[in-house]
Every structure is written in C-alpha cells, then in structure tokens.
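Below: the structure, in structure tokens.
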Amino acid sequence: MKLSEIAHVRTGDKGDTSQISVIAFDERDYPLLFESVTADRVRSHLGLDHCSVRRFEVPGIGALNFVLVGALAGGVTRSLALDPHGKTLGSQLLSLPVHARATTAWGRLEGGGEG
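Quick note, in the numbering used here, the sequence shown goes up one by one and the last residue is 1216.
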C-alpha cells in the first residue's frame, strides 16, 4: 500500500530547508508509520542523497516530522530547479510504499510486502 492510504502531509520551507510532517489519518496506524517511514527511506524515495534528513517522532498526534536540510537547491527564490518547494516533496513522499504486518485502522490486512 502507499503512504497516502494511511496518512497525509503538511509541509513548509525556509531557505534551503524543507520540513514534511507525515500524520496518520488514524492514530492506530502510527506504529506502521514509525516502522516504515524512516529518514533513510525518505532520503532515498525523494532522491535527496546530498541532504541531511532527520526524523522526529510525535506519537501524541500520530505524526513523524522530517527536516530536510539542503533539499531546496539553495532555497525557493534562488533555485533554478522547477518547483522544488516542500509541497512538491510532500506530494512525492505520499507515493512511498509502506510495509504493513498487521491490519491497519481501515481494516486492510497486509502480509508484510509492498501493498
């Protein structure tokens, strides 16, 4: 299954740093986010091998917050890249495959593979 099936994102950017919050639609899916959405997977999925990606856990609201330093090619107003804003990165992150080992809050039973 894709991340977009169990979570939504909120994004922001400042200078060359983007921030993406991944928030579970249902808090019962937070353990799946915690296990599947790692800093290394985010870096790889977004093609940001040149960036520092840090993950912060916010279990009280069922969320993970990622800070991507160096992700915006110098900053939104300085970059020649096409639309490198945090919104674009957040939308791209929602296509990340997640690996479920249990029933999600929506009742889907996943067998541990890429759904």
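Here a beta-carbon is modelled for each residue, glycine too, at the ideal position from N, C-alpha and C. Quick caveat, the model's predicted, so the values are computed rather than measured.
Among the options, the one whose alpha carbon lies nearest that of residue i
{"i": "Gln1193", "options": "Pro1132, Ile1121, Lys1115, Glu1136", "result": "Ile1121"}
{"i": "Val1170", "options": "Tyr1131, Leu1195, Cys1152, Val1199", "result": "Cys1152"}
{"i": "Asn1166", "options": "Asp1114, Met1102, His1200, Arg1129", "result": "Asp1114"}
{"i": "Ala1140", "options": "Asp1150, Pro1132, Tyr1131", "result": "Asp1150"}
{"i": "Ile1124", "options": "Ser1196, Pro1198, Arg1111", "result": "Arg1111"}
{"i": "Gly1116", "options": "Pro1198, Val1168, Ser1105, Ile1162", "result": "Val1168"}
{"i": "Phe1157", "options": "Phe1135, Ser1145, Leu1104", "result": "Phe1135"}
Residue range of the beta strand (DSSP E) that includes residue i
{"i": "Glu1136", "result": "No beta strand (DSSP E) holds Glu1136; the alpha helix (DSSP H) holding it covers 1131-1137."}
{"i": "His1200", "result": "Where His1200 is concerned, there is no enclosing beta strand (DSSP E), given that its DSSP letter is neither H nor E."}
{"i": "Lys1115", "result": "1108-1115"}
{"i": "Ile1124", "result": "1118-1125"}
{"i": "Ser1153", "result": "1153-1159"}
Buried or exposed (CB count within 10 angstroms, at least 16 for buried), residue i
{"i": "Gly1191", "result": "buried"}
{"i": "Ile1107", "result": "buried"}
{"i": "Val1138", "result": "buried"}
As assigned by DSSP and simplified to three states, the class of residue i
{"i": "Ala1172", "result": "coil"}
{"i": "His1064", "result": "What is shown of the chain runs 1102 to 1216, which leaves residue 1064 out entirely."}
For residue i: DSSP bridge partner residues
{"i": "Gln1193", "result": "Per DSSP, none; premise fails for Gln1193."}
{"i": "Ala1140", "result": "Bridge partners of Ala1140: none, in fact."}
{"i": "Lys1188", "result": "Answer by DSSP bridge pairing: none, since Lys1188 is not bridged."}
{"i": "Leu1165", "result": "Val1123, Glu1158"}
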